[in-house]
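Student: Numbering (this note's numbering), first residue to last: 669 to 920.
Given below as structure tokens:
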């Protein structure tokens, strides 16, 4: 008996920061949907390999790609290598992100710059280098992982919130630029998600965070991945320039 073709069969997806957390869940979801997944990482080679192996173990195709997305030239090289091998990229998920939390009066220039360079400039770099291929194809899905912090702001996260709010502006501007060629550009804004980043928070801070969530619990990486899977699939072909908050109701 033949198995039905999966929705993203024949598609190539690049997921940045895909070695753990939300990025890993997104990579697994796109692999499950049939895409060939390029698992980007910067420092966590072993964990990126685990993500790729998990995708291949369930019958999908994946390989790891090392690149610091904050580096403009390194991104250009990564894109050239991917296009050289696969001839295209159909789905780009800009997930790579870091946090360097501090109150504004104590925040160093390095703490601010490093977060903006990875979270915001990193997305610019990948979109900038892939845009001409998307335009040539006259198709493509770009999905930027923002945050509820970029929608509401968050004390102690001026750098992180600025980077994630910037991603929303980037998403809307690029969506307007590319819409006439059939390319959809959207953002997903997660709330507090149960990942290593939030598990590192002091217990009292975690409890205080949960108190701000109308649904009364942290989200799961897989719940973000479901939203990304929808935006990557055919059901979202007439949706662009939007921000989908997956946050348990925080940004109502």
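Using N, Cα and C, we set each Cβ at its ideal position, and we do this for glycine too.
Mind reading off the beta-carbon distance from residue 761 to residue 911? Whole number of angstroms is fine, and I expect it under 8 Å.
Tutor: The Cβ separation is near 15 Å, so there is no contact.
Student: Please go through the same chain and pick out, in chain order, the residues whose beta-carbon is closer than 6 Å to the beta-carbon of residue 669, but skip the five residues on each side of it.
Tutor: Reliability fails at residue 669, whose pLDDT of 43 lies under 50, so the model's placement of it is uncertain and the value that follows must be treated cautiously. Excluding residues within five positions, none has a Cβ falling inside 6 Å.
Student: Do the CB positions of residue 790 and residue 737 come within less than 8 Å of each other?
Tutor: Yes, these two residues count as a Cβ contact at 8 Å.
Student: Near residue 695, which residues of its chain fall below 6 Å by C-beta distance, leaving aside the five closest residues on each side in sequence?
Tutor: Cβ within range, chain order: 683, 686, 705, 707, 719.
Student: What is the rounded straight-line gap between the Cα of residue 754 and the Cα of residue 787?
Tutor: For residue 754 and residue 787, the distance between alpha carbons rounds to 26 Å.
Student: Taking C-beta to C-beta, are residue 797 and residue 742 nearer than 8 Å?
Tutor: No, the pair does not count as a contact, with Cβ atoms beyond the cut-off.
Student: Name, in chain order, the residues that DSSP records as bridge partners for residue 809.
Tutor: DSSP output for residue 809 lists 759, 852 as bridge partner(s).
Student: Grouping DSSP H, G and I as helix and E and B as strand, with all else coil, what is residue 737?
Tutor: Here residue 737 sits in coil by DSSP.
Student: Taking three-plus beta-carbon pairs below 8 Å as touching, is the segment 833-846 in contact with the segment 772-783?
Tutor: In short, these stretches do not touch, since the Cβ pair count stays below three.
Student: Which word fits residue 724, buried or exposed, when buried means at least 16 other C-beta atoms lie within 10 angstroms of its C-beta?
Tutor: By the 10 Å Cβ count, residue 724 comes out exposed.
Student: Should residue 703 go down as buried or exposed, given a rule of 16 or more other Cβ atoms within 10 Å for buried?
Tutor: Buried: at least 16 other Cβ atoms inside 10 Å.
Student: For a minimum of 3 consecutive residues, which ranges assigned as the beta strand (DSSP E) are wholly contained in the segment 673-740?
Tutor: Those beta strand (DSSP E) runs which fall completely within the segment 673-740 and span 3+ residues are 680-683, 704-709, 729-734.
Student: Taking the runs of the beta strand (DSSP E) that are 3 residues or longer, which of them lie wholly in the segment 768-815?
Tutor: Within the segment 768-815, the complete beta strand (DSSP E) runs of at least 3 residues are 808-813.
Student: With a threshold of 8 Å, are at least 3 pairs of Cβ atoms found where one atom belongs to the segment 898-909 and the other to the segment 840-855?
Tutor: In short, these stretches touch, since the Cβ pair count reaches three.
Student: Taking the straight line between their C-alpha atoms, what separation do you get for residue 880 and residue 700?
Tutor: One C-alpha to the other measures close to 33 Å.
Student: Using 8 Å as the threshold, is the segment 818-828 in touch with the segment 798-809, meaning 3 or more CB pairs across them?
Tutor: No, they do not touch.
Student: What is the DSSP secondary structure of residue 887, reduced to helix, strand or coil?
Tutor: If DSSP states are grouped into helix, strand and coil, residue 887 belongs with the strands.
Student: Going straight from the alpha carbon of residue 808 to that of residue 876, what length do you get?
Tutor: If you take the alpha carbons of residue 808 and residue 876, they lie about 39 Å apart.
Student: Among residues of its own chain, excluding the 5 on either side of residue 763, which ones have a beta-carbon nearer than 7 Å to its beta-carbon?
Tutor: Contacts found: 683, 684, 685, 686, 690, 691, 694, 813.
Student: Go through its chain and collect everything with a Cβ distance to residue 851's Cβ below 6 Å, but skip five positions before and after it.
Tutor: The residues are 802, 808.
Student: Just to confirm my understanding: we take residue 919, look at its own chain, exclude 5 residues before and 5 after, and list those with CB closer than 8 Å. What are they?
Tutor: Contacts found: 816, 819, 820, 857, 859, 913.
Student: Would you list the one or two residues that DSSP bridges to residue 825?
Tutor: Looking at the DSSP assignment, residue 825 forms a beta bridge with 770.
Student: DSSP three-state label for residue 861, please.
Tutor: Reduced to three states, the DSSP call for residue 861 is strand.
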